[in-house]
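Asker: I am attaching a structure below and will ask some questions about it afterwards.
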Amino acid sequence: MYFKATFRNHPELGPFCPYYRLVESYRNIEDRVCHKTILNVGFVPELKPEQLNIIQKKLTQLASGTGDLFIEEDSILDAYVARFWDQILSNKTIDIVAKSKNTNSKTWVDLESIKHEEVREIGAEYIGYQTLNKLQLNTLLETLGWDEEKIQLTYTQIISRAVYPFSEHKTTRWIQENSAVCELSGYPLEKITKDKLYKNALDLYEIKDELEQHFSKKTNELFDIQDKIILFDLTNTYFEGRKDKSEIARFGRSKEKRSDAKLIVLAMVVNPEGFPKYTKILEGNTTDSASLPNMIDKLRLKTLDLSVKAIVVIDAGIATDENLKLIQEKGYDYVCVSRSKIKDYSIKDGEVLHLIKTQNKEEISLQRVHSSGQTDYILRVKSPGKKLKEDAMRTQFELRFEEEIEKIKSSLTKKNGVKKYDKVNQRIGRAIQKYPSVSKYYQITAVGNSGENATDLIYQKKEIQDKEAQENAGTYFIKTSLESRDEQTVWKIYNTIREIESTFRCLKTDIDLRPIYHKNDDASMAHLHLAILAYWLVNTVRHQLKNQKINCEWREIVRIANTQKVVYSTAKNKTDEQIEVKKCSEPSDKLKEIYAVLKIKNRPFTKKSVVHKLEIKNYQCSINKGSPG
């Protein structure tokens, strides 16, 4: 037992006055040195360090039942000892062991009584909690008038969505039974219900604009980002259920091949670092090209550097002539892939062919070309990797198309097959529409006359057209309104579009954006918005790790982090009193590395550092000598 102190402000004596605590050191089951506060003594400016040492020795004797003949009696100090001892007994902060020769310290805790009541996951939740603190979410919510308990619930919900992305019902059970997230957020575990999670998600959606603006600003500050390039794209996700009364759920072209389900479209503006700038939920039948007019007026956000003309990067599906004109009218430049392959182009003298290697060590060629009637800067890109992919897809489509034609041909000889000449041509037409990318390279002829049965079906591939397809495979054209940019820069700017593709992939796989089960539109939009808030947390963590060359998928980070648990244990001491212990397990080496990069402690539950006796003595000596305080 000994005195420790921190320097605090004294109302009369001023700052840097020692505030004393009586502390006991012990070793836990893992043989780590731990400290327990026995008594908060407070300010005692009238006592010197030597007098405090005598007091702590006498208190130690009282606790152990021993004595020391070499400690002199002092009525003043003995009065302090008596007062402190009474407070210790009243607070029940120490086990009193009777003096006995048979007393064995190993029996102070009945080992048979030790029970590990709960083991909960805490590592990933701890990372999420610290990240939301870095983003200062609590500060924003406080300014909006949210009370402490509601802020705690919000922390709990966003972290849970990132770590355990399931329905509100499953999330509630996970929080109650598996996770220590409430230990971190401070929200009472017994108050967690799915209805409160539903309601809080709706409340968060009501402040969507404020949250987006806040997170956008904070991530820019945290990573020193200037929004000179912004990416725009959209994805869709599907509903389970009929959604008959929905105003936004519509049948459309599903990016996940769910033509049987109604859809909802999520349009996003993202910076090259993957952080959302603005999001909007659109009707499920909104086409790619029709989505931009709904978003263009929101692109100039407060976080943008208005002194810099921003560059909007879009994919081919959005890059209609009307949309490109609209982007320029709103004061932006654009970079996109041409919607159609440019055939009639020329290469001027001095236009150099550049060979560069991608991150995948693939060699691609870049060359500026010129086309009549085009005012844009046009960059021709030839990619062997894209050529291989297109060749494989074309071969697959050709096989499927030929199978369709063979089915039509075989029906001519079957008993109940389609034989009428007009019907056969209709079937051929449907097959051509089904595979437009490859059918144009085939010559197909049905033998027969109108009104009669077809007798044969002849088809062959056009060699000239096939040669042209081979030459153009792997070639695409990047268009931009930018001037005086070199080829590599233009190509790199366009390839930032991969970041928004990564964003959508993370939302759908790591945060489980799909499917949507909610019955009403408000709940559906709140569901999507909560996923985006969780993605902000996820991307903040991943970006910090990426800057230090740690490239882990979020699910892998969660797996590593959740190897750290918090254990709640109980036991009984020699006097049959209940002892409760809360202890975090040691983080693994991989988790320690992650914690180090994120600059957070290895354990969520640790005490603040204190000033030792020698530091106090030296400080008081300096005060006595007249050193400035």
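To get my numbering, take the position in the sequence shown, counting from 1, and add 300. A virtual CB, placed ideally from N, CA and C, is assigned to each residue, including glycine.
#1: Return helix, strand or coil for F523, following the three-state DSSP convention.
#2: Between which residues of its own chain and D822 is the CB-CB distance below 7 Å, once the five residues before and five after are set aside?
#3: Tell me which residues share the same chain as G574 and place their Cβ nearer than 6 Å to its Cβ, disregarding the 5 neighbours each side in the sequence.
#4: Are three or more beta carbon pairs between the segment 731 to 741 and the segment 698 to 705 nearer than 8 Å?
#5: Identify the residues that DSSP records as bridge partners of L679: which are they?
#6: Count the other CB atoms, across all protein chains shown, that sit within 10 Å of the CB of S710; report buried if there are 16 or more and exposed otherwise.
#7: When you compare each of K762, A773, G631 to R680 by their alpha carbons, which one comes out closest?
#8: Compare the C-alpha of T620 against each of E346, S638, F466, N873 and name the closest.
#9: By the three-class DSSP mapping on this structure, what secondary structure does R855 have?
#10: Which residues in the same chain have their Cβ closer than 7 Å to the Cβ of Q878, if we skip the five residues on either side of it in sequence?
#11: Just to check my reading of the structure: Q864 and L891 have Cβ atoms closer than 8 Å, yes? What is that Cβ distance to the nearest angstrom?
#12: With C-beta atoms as the reference, is K761 less than 7 Å away from Y776?
#13: Just to confirm, are E787 and H654 a CB contact at a threshold of 7 Å?
#14: Can you tell which of K496, S885, S591 has its C-alpha closest to the C-alpha of V565?
#15: Does the structure place the segment 478 to 487 close enough to the segment 420 to 433 that three or more beta carbon pairs sit under 8 Å?
#16: Inspect the beta-carbon positions of V897 and L837 and report whether they are closer than 7 Å.
#17: Can you tell me which of the three DSSP states S325 falls into?
#18: As a quick exercise: from I778, S739, S750, G751, pick the residue whose alpha carbon is nearest that of Y759.
#19: Helix, strand or coil for F515 per DSSP?
#20: Looking at C-alpha atoms only, which residue of K715, S467, Q361, L489 is the closest neighbour of E477?
#21: Looking at the structure shown, is D447 part of a helix, part of a strand, or coil, going by DSSP?
#22: Kindly give me the distance between the Cβ atoms of Y677 and T780, rounded to whole angstroms, as I take these residues to be in contact under 8 Å.
#23: Roughly how many angstroms lie between the CA atoms of I614 and T796, to the nearest whole one?
#24: Which one or two residues does DSSP pair with K865 in a beta bridge?
#25: Less than 6 Å between C-beta atoms, sequence neighbours within five positions excluded: which residues of the same chain meet that for S546?
#26: Using C-beta distances below 6 Å, list every residue in its chain close to A834, excluding the 5 sequence neighbours before and after it, in chain order.
#27: In whole angstroms, give me the CA-to-CA distance for I548 and E583.
#28: Look up P576 in the DSSP assignment and give the residues it is bridged to.
#29: Name the DSSP beta bridge partners of R550, please?
#30: What does the alpha-carbon distance come out to for the pair K630 and H829?
#31: To which residues of the same chain is E930 closer than 7 Å at the C-beta, ignoring the five residues directly before and after it?
#32: Which ranges would you report for the alpha helix (DSSP H) in the segment 673 to 729 if only whole runs of at least 4 residues count?
#33: Rounded to the nearest angstrom, what separates N862 and E421 at their Cα positions?
#34: Beta-carbon within less than 7 Å of W791's beta-carbon, same chain only, minus the 5 sequence neighbours each way: which residues are those?
#35: Determine the burial state of H469: buried for a count of at least 16 other Cβ atoms within 10 Å of its Cβ, exposed for fewer.
#36: Among E801, N725, E373, which residue has its Cα nearest to the Cα of L757?
Answerer: This is what the structure holds:
#1: For the purposes of this step, residue 523 is taken as residue 223 along the sequence shown, with counting starting at 1. DSSP, read as helix, strand or coil, puts F523 in helix.
#2: Your numbering for residue 822 matches position 522 in the sequence shown. Taken in chain order, the residues that qualify are L502.
#3: Numbered from its first residue, the sequence shown carries residue 574 at position 274. These residues qualify, in order along the chain: E799, T803, N839.
#4: Touching, yes.
#5: Numbered from its first residue, the sequence shown carries residue 679 at position 379. In DSSP, L679 forms a bridge with R668, I778.
#6: For the purposes of this step, residue 710 is taken as the residue at position 410 of the sequence shown. With fewer than 16 Cβ atoms within 10 Å of its Cβ, S710 is classed as exposed.
#7: Taking the first residue of the sequence shown as 1, we reach residue 680 at position 380. If we check each option's Cα against that of R680, A773 comes out closest.
#8: Counting from 1 along the sequence shown, the entry for residue 620 is found at position 320. Checking every option, the nearest Cα to that of T620 belongs to S638.
#9: If you number the sequence shown from 1, residue 855 lands on position 555. When DSSP states are grouped into helix, strand and coil, R855 belongs to the helix group.
#10: Taking the first residue of the sequence shown as position 1, residue 878 is located at position 578. Contacts found: T870, K872.
#11: Reading the sequence shown from its first residue, position 564 is the one you call residue 864. Reading the sequence shown from its first residue, position 591 is the one you call residue 891. Contact flag correct, Cβ pair sits at about 6 Å.
#12: The residue you call residue 761 lines up with position 461 of the sequence shown. The residue you call residue 776 lines up with position 476 of the sequence shown. Taking 7 Å as the Cβ cut-off, K761 and Y776 do not qualify as a contacting pair.
#13: The sequence position of residue 787 within the sequence shown is 487, counting from 1. The sequence position of residue 654 within the sequence shown is 354, counting from 1. Going by beta carbons, E787 and H654 fall inside the 7 Å limit.
#14: The sequence position of residue 565 within the sequence shown is 265, counting from 1. Of K496, S885, S591, the residue nearest in Cα terms is S591.
#15: With the cut-off at 8 Å, the segment 420 to 433 and the segment 478 to 487 touch.
#16: The residue labelled residue 897 in the question sits at position 597 within the sequence shown. The residue labelled residue 837 in the question sits at position 537 within the sequence shown. No.
#17: Here residue 325 refers to the residue found at position 25 of the sequence shown. Under the three-state reduction of DSSP, S325 is assigned to strand.
#18: Numbered from its first residue, the sequence shown carries residue 759 at position 459. Minimum Cα distance to Y759 is reached at S739.
#19: Counted from its first residue, the sequence shown places residue 515 at position 215. F515: helix per DSSP, three-state reduction.
#20: Residue 477 sits at position 177 when you count from the first residue of the sequence shown. The option with the nearest alpha carbon to E477 is L489.
#21: Counting from one through the sequence shown, the residue named residue 447 turns up at place 147. Residue state, collapsed to three classes: coil.
#22: For the purposes of this step, residue 677 is identified with residue 377 of the sequence shown, where counting begins at 1. For the purposes of this step, residue 780 is identified with residue 480 of the sequence shown, where counting begins at 1. At roughly 5 Å, the Cβ-Cβ gap stays under 8 Å, so Y677 and T780 are in contact.
#23: Residue numbering aside, residue 614 sits at position 314 when the sequence shown is read from its first letter. Residue numbering aside, residue 796 sits at position 496 when the sequence shown is read from its first letter. Computed Cα separation, rounded: 10 Å.
#24: To locate residue 865, count along the sequence shown from 1; it is residue 565. Residue pairing by DSSP places K865 opposite E421 in a beta bridge.
#25: Along the sequence shown, read from residue 1 onward, the residue named residue 546 stands at position 246. Beyond the five residues adjoining it in sequence on each side, S546 comes within less than 6 Å, by CB distance, of D821 in the same chain, given in chain order.
#26: The sequence position of residue 834 within the sequence shown is 534, counting from 1. Only I458, R461, A462, I811 meet the Cβ criterion.
#27: Position 248 of the sequence shown, counted from the first residue, corresponds to residue 548. Position 283 of the sequence shown, counted from the first residue, corresponds to residue 583. Each residue's Cα considered, the two are about 4 Å apart.
#28: Start at 1 with the first residue of the sequence shown, and residue 576 comes out as number 276. P576 is bridged to V570.
#29: Within the sequence shown, residue 550 is the residue found at index 250, counting from 1. According to DSSP, R550 bridges with L563.
#30: Taking the sequence shown and counting its residues from 1, one reaches residue 630 at position 330. Taking the sequence shown and counting its residues from 1, one reaches residue 829 at position 529. Approximately 27 Å, taken between the alpha carbons.
#31: Nothing can be reported for residue 930, as the shown portion of the chain is limited to 301 through 929.
#32: Fully enclosed alpha helix (DSSP H) runs of no fewer than 4 residues occupy 684 to 711 of the segment 673 to 729, in order along the chain.
#33: For the purposes of this step, residue 862 is taken as the residue at position 562 of the sequence shown. For the purposes of this step, residue 421 is taken as the residue at position 121 of the sequence shown. N862 and E421: Cα-Cα distance of roughly 6 Å.
#34: Position 491 of the sequence shown holds residue 791. Once the five neighbours on either side are set aside, the close Cβ partners of W791 are L666, L679, V681, I778.
#35: Taking the first residue of the sequence shown as 1, we reach residue 469 at position 169. Counting C-beta atoms within 10 angstroms of its own C-beta, H469 has fewer than 16 neighbours from the protein chains shown and is therefore classed as exposed.
#36: As a first step, residue 757 is located in the sequence shown; it is residue number 457 there, counting from the start. Ranked by how close their Cα comes to the Cα of L757, the residues E801, N725, E373 have N725 in first place.
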